[in-house]
Ligand SMILES: Nc1nc2c(ncn2[C@@H]2O[C@H](COP(=O)(O)OP(=O)(O)OP(=O)(O)O)[C@@H](O)[C@H]2O)c(=O)[nH]1
Ligand SMILES: [Mg+2]
Ligand SMILES: [Zn+2]
C-alpha cells in the first residue's frame, strides 16, 4: 500500500435501507396492498400460524405470501399447497431481508391484484428488527418454550412491532411461562403493542388474531 | 451494504484507483455477527468494484442510558435493565447501528 488514501464515509447502512423502505411503503399504499412482515426466532411457529391465518382469510381477501429463507424451499412448498400465491426469497446467507430484497420479492410475486401480502421473514429476532422492510405492519411471534423474559433480552423487536402473537399456548402447563409477566414486559417496551395468545396447533385464539388482521387490511385498502 | 458503500464512492474514485478495504462499525445491539457479515460480504462482492476489497469490522459496544436515573450501562450485560434503579425505560447511546466508517482506496 504505497499510494493509498482514506475516504471518510460515516454513513449508516440503515439510513439507506430506511429510504428504500419508505418508498416501498408508499408504493404499496397506492396499490392498496397491505404488506405484513412476520418475524420470530426459528421454529416459533411462523409457518404454522400463517397456514391457520390463510385458511381463515383466504376466502375474504386476496392474499400472497413471500417466504424468506437463507436457502431452503420447505416453507414455500407448504404454503403453496393451500392454493395461495407464494414465492420463495433466498437471502443468500444474510440473516434478514432488507427493503430492497422485499421490493424485488413484491415485483416477482406480482401484487397489484392482492389485498394482503404476508412476508415470513428469516427466523431470527435480532437482525430483521433492525431492517425496515417497508411493511405496513410488523408482527412477531413469541412461543411459550422461549420464555417470558424475551422482551427484556430483545427489546428492539418489541419496539418495532405492532402485534405480538404468543404461540403454543397449548403447552403452557409444561413450561414455566408467566403470561402476565410477558405482557407486562412487552408493554413496557411498547405500550401500543396488540397481544394475541394463540395455539396455531389447536386453533385456540386464532379467531381474535385473524379478525384483527382482517379489519386492519380492510381499513387500509378501502 | 454495498449499495451504501457504492453511493458513498460516487464521484470520489479516480480512474486509476481501486478500493482495497471497507471499514464497517458493527454495533453490538444490531445483533449482526461480524463473521456472518464477512461471509455474506464475500458472496455479495463478486463481480462488483469490491471484488478485491476486504472487509474490516470494528465492534461498537451497546450502551444505553436509563431515563429514570440517567445511568449509562452496558445493555446486554445488564439485560436492558438499569443496574442503578432497575428501570427499563432506556434510550440508546451507542451500538445500535451499522456504519460504513471509511473506505480505503489504492492506486
Ligand atoms: N405444540 C405446538 N406446536 C406448535 C405450534 N405451532 C407450531 N408448532 C410446532 O413448532 C414447530 C415449528 O413450527 P413452524 O411453523 O415450522 O415454525 P417457523 O417459525 O415457521 O420455523 P422456521 O421457518 O424454521 O423459523 C413445528 O414442529 C410445529 O408443528 C403450537 O401452537 N403448539
Ligand atoms: Mg417457517
Ligand atoms: Zn436507572
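Chains as they are written, first to last, in the working numbering: chain A, -14 to 207; chain B, 11 to 117.
Yeah, the Cβ is synthetic: ideal placement off N, Cα and C, and Gly gets one too.
> Comparing the C-beta of residue 55 of chain B with each C-beta of chain A, is any distance below 8 Å?
Replying inline: Taking the second chain and counting its residues from 1, the one referred to as residue 55 of chain B is at position 45. For residue 55 of chain B, the answer is no, since every Cβ of chain A falls outside 8 Å of its Cβ.
> Would residue 74 of chain A pass as a contact of residue 52 of chain A if the rule is Cβ separation under 8 Å?
Replying inline: The residue labelled residue 74 of chain A in the question sits at position 89 within the first chain. The residue labelled residue 52 of chain A in the question sits at position 67 within the first chain. Their beta carbons are under 8 Å apart, which means residue 74 of chain A touches residue 52 of chain A by this criterion.
> Does the beta-carbon distance from residue 198 of chain A to residue 119 of chain A come in below 8 Å?
Replying inline: The sequence position of residue 198 of chain A within the first chain is 213, counting from 1. The sequence position of residue 119 of chain A within the first chain is 134, counting from 1. Not a contact, by the Cβ cut-off of 8 Å.
> Does residue 58 of chain B come within less than 8 Å of chain A when only Cβ atoms are used?
Replying inline: Numbered from its first residue, the second chain carries residue 58 of chain B at position 48. With 8 Å as the cut-off, residue 58 of chain B does not count as an interface residue toward chain A.
> So residue 89 of chain A is in the alpha helix (DSSP H); what residue range does that whole segment cover?
Replying inline: Taking the first residue of the first chain as position 1, residue 89 of chain A is located at position 104. Its alpha helix (DSSP H) spans residues 84 to 94.
>> Nearer than 7 Å: is that true of the beta carbon of residue 27 of chain A relative to any heavy atom of ligand 4?
In response: Ligands in the displayed structure: ligand 1, ligand 2 and ligand 3; ligand 4 is not one of them.
> Given a threshold of 16 other Cβ atoms within 10 Å of its Cβ, counted over all protein chains shown, does residue 170 of chain A qualify as buried or as exposed?
Replying inline: Counted from its first residue, the first chain places residue 170 of chain A at position 185. Result: buried.
> Is residue 109 of chain A closer than 8 Å to residue 23 of chain A when the C-beta atoms are compared?
Replying inline: Translated into the one-based positions of the first chain, residue 23 of chain A becomes position 38. Translated into the one-based positions of the first chain, residue 109 of chain A becomes position 124. No, the pair does not count as a contact, with Cβ atoms beyond the cut-off.
> residue 173 of chain A CB to nearest chain B CB: under 8 Å?
Replying inline: To locate residue 173 of chain A, count along the first chain from 1; it is residue 188. It does; some Cβ of chain B falls within 8 Å.
> Nearest chain B C-beta to residue 176 of chain A closer than 8 Å, yes or no?
Replying inline: Counting from one through the first chain, the residue named residue 176 of chain A turns up at place 191. No, its Cβ sits nowhere closer than 8 Å to a Cβ of chain B.
> Can you give the Cα-Cα distance for residue 101 of chain A and residue 122 of chain A, rounded to whole angstroms?
Replying inline: Mapped onto the first chain, residue 101 of chain A falls at position 116. Mapped onto the first chain, residue 122 of chain A falls at position 137. Roughly 11 Å separates the two Cα atoms.
>> Please return the same chain residues whose Cβ sits closer than 8 Å to the Cβ of residue 111 of chain B, not counting the five positions on each side in sequence.
In response: On the second chain, residue 111 of chain B is found 101 positions in, with the first residue counted as 1. Once the five neighbours on either side are set aside, the close Cβ partners of residue 111 of chain B are 33, 34, 35 and 68.
> What does residue 138 of chain A touch in chain B if you count any residue whose Cβ is under 8 Å from its own?
Replying inline: On the first chain, residue 138 of chain A is found 153 positions in, with the first residue counted as 1. Result: 89 and 90.
> Using a beta-carbon distance cut-off of less than 9 Å, what residues from the segment -5 to 6 of chain A approach chain B?
Replying inline: -5, -4, -3, -2, -1, 0, 1, 2 and 5
> How close, in whole Å, do the beta carbons of residue 115 of chain B and residue -8 of chain A come, if the pair is a contact with beta carbons under 8 Å?
Replying inline: What you label residue 115 of chain B is simply residue 105 of the second chain in a count that begins at 1. What you label residue -8 of chain A is simply residue 7 of the first chain in a count that begins at 1. So it is a contact: roughly 6 Å between Cβ atoms.
> Counting only runs that start and end within the segment -9 to 50 of chain A, where is the beta strand (DSSP E) found for 3 or more residues in a row?
Replying inline: 19 to 25
>> Tell me the rounded alpha-carbon separation between residue 202 of chain A and residue 19 of chain A.
In response: Start at 1 with the first residue of the first chain, and residue 202 of chain A comes out as number 217. Start at 1 with the first residue of the first chain, and residue 19 of chain A comes out as number 34. Taking the straight line from one Cα to the other gives about 6 Å.
> For residue -7 of chain A, which residues in chain B fall below 7 Å Cβ to Cβ?
Replying inline: The sequence position of residue -7 of chain A within the first chain is 8, counting from 1. The answer, in chain order, is 112.
> Which whole-angstrom value is the C-beta distance of residue 75 of chain B and residue 103 of chain B, which I expect to be below 8 Å?
Replying inline: The residue given as residue 75 of chain B occupies position 65 in the second chain. The residue given as residue 103 of chain B occupies position 93 in the second chain. Going by Cβ atoms, the distance from residue 75 of chain B to residue 103 of chain B rounds to 5 Å, so yes, they are a contact pair.
> So which residues on chain B does residue 74 of chain A lean against when the C-beta distance must stay under 7 Å?
Replying inline: Within the first chain, numbered from 1, the residue matching residue 74 of chain A stands at position 89. By Cβ distance, chain B contributes nothing, its closest Cβ being about 15 Å from residue 74 of chain A, past 7 Å.
>> So the candidates are A:183, A:130 and A:194; which of them puts its Cα closest to the Cα of residue 28 of chain A?
In response: The count along the first chain starts at 1 and reaches residue 28 of chain A at position 43. Out of A:183, A:130 and A:194, A:130 has the C-alpha closest to the C-alpha of residue 28 of chain A.
> Residues in the segment 6 to 39 of chain A with C-beta within 7 Å of chain B's C-beta atoms, listed in sequence order?
Replying inline: none
> How long is the line joining the alpha carbons of residue 176 of chain A and residue 26 of chain B, rounded to whole angstroms?
Replying inline: Position 191 of the first chain, counted from the first residue, corresponds to residue 176 of chain A. Position 16 of the second chain, counted from the first residue, corresponds to residue 26 of chain B. Roughly 55 Å separates the two Cα atoms.
> Which residues, in order along the segment 141 to 171 of chain A, keep a beta-carbon less than 9 Å from a beta-carbon of chain B?
Replying inline: 141 and 170
> Count the other CB atoms within 10 Å of the CB of residue 174 of chain A; is the residue buried (16 or more) or exposed (fewer)?
Replying inline: By 1-based counting over the first chain, the position of residue 174 of chain A is 189. Residue 174 of chain A should be labelled buried.
> Under the DSSP definition of a beta bridge, which residues are partnered with residue 105 of chain A?
Replying inline: Your numbering for residue 105 of chain A matches position 120 in the first chain. A:23 and A:52, per the DSSP bridge assignment.
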